Amino acid sequence: MIGRREFITLLGGAAGWQLAARAQQRLMPTIGFLRSTPLAGYSHLIEGFRRGLSSVGFNEGQNVAIEYRYAENRSERLPGLAAELIRLPVEVIVANVNAALAAKATTTTVPIVFVTGSDPVVDGLVASLNRPGGNATGVSFVSGLLGPKRLEMLRQLVPTGTMAMLVGTDTLEGRIERRDVELAAQSIGQQLVVAAIGNDGELDDAFGSIVRSGAKALLVGSGPLVTSNRERVVALAARHAIPAAYSLREFVVAGGLMGYGASIAEAYRQAGIYAGRILKGEKPADLPVVQADKFELMLNLKTAKALGLSVPDTLLARADEVIE
């Protein structure tokens, strides 16, 4: 019987060590981390995910491996990337909404932990929130459902004039949010124009149509396409001097005027906990979907000053975080 060192020698030097390293890595469970977006701008989500994993005893490179895949906002790539992860194989896939839908269409056996801003029942990811059934569960930070609330807050900053809404057509979440905001605007007599984008290349034209409409304020919709272009969206709003409200804190940190929503980084931390629990043997069907119940208002007073806006005291009093 030969020992490990003798086995490596027989395999032949450096090549043998590489094969042994791969074999050792396969002794660890592997998680597939799949997003429809680019990698750039999302390192804080990975950090949140790793924190969640660590809290249940899994640390990347020590007792778990993570394979990362990004579709760069090209949804047609997602089925292939999901299939690639499944072939590796991975024990669980963690994914944003579009990636989770692609993974669910690819496998009925590999567990999926999604992170979405929409209603996963409406999206078709789970049968119900309390009893997901099937091979998927996850976290909803319910971003898209808050569109009418953000409209109300934006009207406190800019009470008169036409408003615009920038919305991505890449998710059902975005389309439902558009419908909800349009209904809310109609109910209060607010004139609203909608600029829809289906890919990154349509942003400049969308802002051109918003400016031509004479809109005095902008509500920026949720969803992966818009969020992954947040720095560009914030820069375009600043260039055209349009006060804008956003769905996530990340937009305000990038210089946006106002944000209202739940923490997506916290959602990924909770996804890390669920991924770890599944690695320990729990089934997605038995893990209820986690729903965000804490929503924060952020204001950027530096941006407000640049726009010549006075923030009402009532809005300031409600703010959870103020950037000065």
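The numbering of the sequence shown is the numbering used here, which starts it at 97 and goes up by one.
All residues carry an ideal CB built from backbone N, CA and C; glycine is no exception.
Note that the structure is predicted; figures quoted are calculated from it, not measured.
Less than 8 Å between the C-beta atoms of residue i and residue j, yes or no?
| i | j | result |
| --- | --- | --- |
| Thr-424 | Ala-178 | The chain is shown only over 97 to 420; residue 424 falls outside these bounds and no answer can be derived. |
| Pro-216 | Val-385 | yes |
| Ser-151 | Ile-369 | yes |
| Gly-317 | Gly-270 | yes |
| Pro-380 | Pro-228 | yes |
| Ala-367 | Gly-148 | yes |
| Ala-371 | Ile-182 | no |
| Glu-187 | Leu-375 | yes |
| Phe-154 | Val-190 | no |
| Asn-194 | Ser-283 | no |
| Leu-197 | Asp-219 | yes |
| Val-209 | Asn-192 | no |
| Arg-165 | Glu-180 | yes |
| Glu-420 | Leu-393 | no |
| Asp-40 | Gly-213 | Residue numbering for the chain in the displayed model covers 97 to 420; residue 40 lies beyond these limits and cannot be assessed. |
| Pro-207 | Val-160 | no |
Can you give me the C-alpha to C-alpha distance between residue i and residue j, rounded to a whole angstrom?
| i | j | result |
| --- | --- | --- |
| Gly-243 | Leu-123 | 46 Å |
| Phe-434 | Lys-312 | For residue 434 there is no data in the structure shown, the boundaries of the chain being 97 and 420. |
| Glu-156 | Ile-162 | 7 Å |
| Pro-134 | Gly-264 | 16 Å |
| Leu-221 | Thr-399 | 38 Å |
| His-336 | Gly-304 | 9 Å |
| Ile-293 | Gln-158 | 42 Å |
| Ser-406 | Lys-245 | 20 Å |
| Asn-421 | Ala-199 | With the chain represented from 97 up to 420, any question about residue 421 goes unanswered, as that position is not in the structure. |
| Ala-363 | Ala-333 | 27 Å |
| Glu-298 | Leu-174 | 21 Å |
| Thr-258 | Leu-403 | 17 Å |
| Glu-417 | Val-254 | 20 Å |
| Arg-414 | Glu-273 | 23 Å |
| Leu-250 | Leu-130 | 33 Å |
| Ala-223 | Glu-143 | 30 Å |
| Thr-256 | Gln-286 | 9 Å |
| Arg-328 | Glu-378 | 41 Å |
| Arg-100 | Gly-176 | The pLDDT assigned to Arg-100 is 45, lower than 50, so where the model puts this residue is not dependable; a value taken from the coordinates is nonetheless given after this. So the alpha carbons of these two residues sit roughly 37 Å apart. |
| Val-330 | Lys-401 | 15 Å |
| Leu-268 | Asn-295 | 15 Å |
| Phe-391 | Glu-172 | 33 Å |
| Ala-167 | Arg-275 | 27 Å |
Considering only residues of the same chain and omitting the five flanking positions on each side of residue i, which have a CB-CB separation below 8 Å?
| i | result |
| --- | --- |
| Ala-260 | Leu-288, Val-289, Val-290, Ala-291, Ile-306, Ser-309, Ala-311, Ala-313, Leu-314, Leu-315 and Ile-338 |
| Arg-326 | Gly-137, Tyr-342, Leu-344, Glu-346, Phe-347, Ala-350 and Gly-352 |
| Ile-252 | Before going on, a small fix: residue 252 reads as Gln here, not Ile. Same-chain partners within the cutoff: Pro-408, Thr-410 and Leu-411. |
| Arg-373 | Val-152 and Leu-383 |
Among residues of its own chain, excluding the 5 on either side of residue i, which ones have a beta-carbon nearer than 6 Å to its beta-carbon?
| i | result |
| --- | --- |
| Ala-388 | Phe-237, Val-238 and Ala-358 |
| Met-97 | With a pLDDT of only 42 at Met-97, under 50, the local geometry of the prediction cannot be trusted, and no value is derived from it. |
| Met-73 | The requested residue 73 is not part of the displayed model; the chain covers only 97 to 420. |
| Arg-365 | Gly-144, Arg-147 and Gly-148 |
| Asp-300 | none |
Please list, in chain order, all residues of the same chain as residue i whose beta carbon is under 7 Å from its beta carbon, the five residues on each side excluded.
| i | result |
| --- | --- |
| Leu-247 | Val-277, Ala-280, Ala-281 and Leu-315 |
| Leu-302 | Correcting the residue identity first, residue 302 is Ala in this sequence and not Leu. Excluding positions up to five away in sequence, the list reads Leu-262, Ala-291 and Ile-293. |
| Ala-110 | Only weak support is given to the placement of Ala-110: the predicted model assigns it a pLDDT of 49, under 50, and the value that follows is read from those uncertain coordinates. The answer is none, since no qualifying residue turns up. |
| Ser-324 | Thr-133, Pro-134, Gly-137 and Asn-169 |
| Asn-226 | Pro-384 |
| Leu-141 | Ile-360, Ala-361 and Tyr-364 |
Uninterrupted alpha helix (DSSP H) stretches inside the region 295 to 358 (no shorter than 4 residues): The qualifying runs are 299 to 308, 320 to 324, 326 to 335 and 345 to 349.
Segment contact, 8 Å Cβ cut-off, at least three pairs: the region 231 to 243 with the region 357 to 367: In short, these stretches touch, since the Cβ pair count reaches three.
Length-filtered (3 minimum) beta strand (DSSP E) runs lying within the region 379 to 404: You should have 392 to 396.
Runs of alpha helix (DSSP H) lying entirely within the region 136 to 196, each at least 4 residues, in chain order: Here the runs fully enclosed are 139 to 151 and 174 to 183.
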